[in-house]
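Worksheet: one structure, shown below.
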Amino acid sequence: DLLMDALELCQSLQFDAAKTSTFFSLVKRLHARSVGERLPVDRAFSAAKDLLLQHSVHRPPYSVAVFTLADTHKLADWLLDHYFRHYKLYQYAFAPRVKVNIRSRHPSDYVEKAPMLPSLEEAVTEEEDLKRREDEAAVVEAERVAAEE
Numbered sequence: 005d006l007l008m009d010a011l012e013l014c015q016s017l018q019f020d021a022a023k024t025s026t027f028f029s030l031v032k033r034l035h036a037r038s039v040g041e042r043l044p045v046d047r048a049f050s051a052a053k054d055l056l057l058q059h060s061v062h063r064p065p066y067s068v069a070v071f072t073l074a075d076t077h078k079l080a081d082w083l084l085d086h087y088f089r090h091y092k093l094y095q096y097a098f099a100p101r102v103k104v105n106i107r108s109r110h111p112s113d114y115v116e117k118a119p120m121l122p123s124l125e126e127a128v129t130e131e132e133d134l135k136r137r138e139d140e141a142a143v144v145e146a147e148r149v150a151a152e153e
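Under our numbering, the residues of the sequence shown are numbered 5 to 153, in order.
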């Protein structure tokens, strides 16, 4: 719709083929840059002014005067009314979508789990535990001595 409206404006202003082509390309280039670089509205408007100025002042090879000063004012007003008034809509509709992959994890995945403790019914006194360890050590020592023989 934007480009069609730009062509209709050029017809209503009775632009020749060079002016129509230049303005059409200017709008297309402005829109592509604004969407491609995700320009904020103030930077996009500054880019539009720069493009209009490049085509309104005759300074070869940097710029060529295609539009008159009156044309430039009309085109700038049209851009304000038709493009920049709906700029956020154009950005939303044409800007490439950013895909984000989100992986959620339960907070307990990050917490170290405590070892399972034996129940109090299975508890032994300190003396019983010491005797059990001594018996285990004696068995290990007996196996070592038997292995050496």
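All C-beta atoms in this analysis are idealised placements derived from N, C-alpha and C, irrespective of residue type, glycine included.
For residue 67, the secondary structure class from DSSP, reduced to helix, strand or coil, is strand. Distance from residue 86 to residue 6 at the Cβ level is roughly 7 Å; contact confirmed, criterion being Cβ atoms closer than 8 Å. With respect to the C-alpha of residue 92, the residue from 43, 33, 127, 118 having the closest C-alpha is 43. CA-to-CA, the gap between residue 152 and residue 138 works out to about 21 Å. Taken in chain order, the complete alpha helix (DSSP H) segments of 4 or more residues contained in the segment 36 to 67 are 45 to 58. The DSSP-derived three-state label of residue 142 is helix. The residue among 61, 73, 81, 47 with its C-alpha nearest the C-alpha of residue 10 is 81. Contact annotation: residue 31 and residue 95 have beta-carbon atoms that are not nearer than 8 Å. Using a C-beta cut-off of 8 Å, the segment 55 to 65 makes no contact with the segment 115 to 125, since fewer than three inter-stretch Cβ pairs fall below that distance. For the 8 Å CB-CB criterion, residue 24 and residue 70 do not form a contact. Judged by DSSP secondary structure, residue 117 falls outside any alpha helix (DSSP H); it is assigned neither H nor E.
Linking residue 147 to residue 125 through their CA atoms gives a straight-line distance of about 32 Å.
For residue 88, no alpha helix (DSSP H) encloses it, and the DSSP letter there is neither H nor E.
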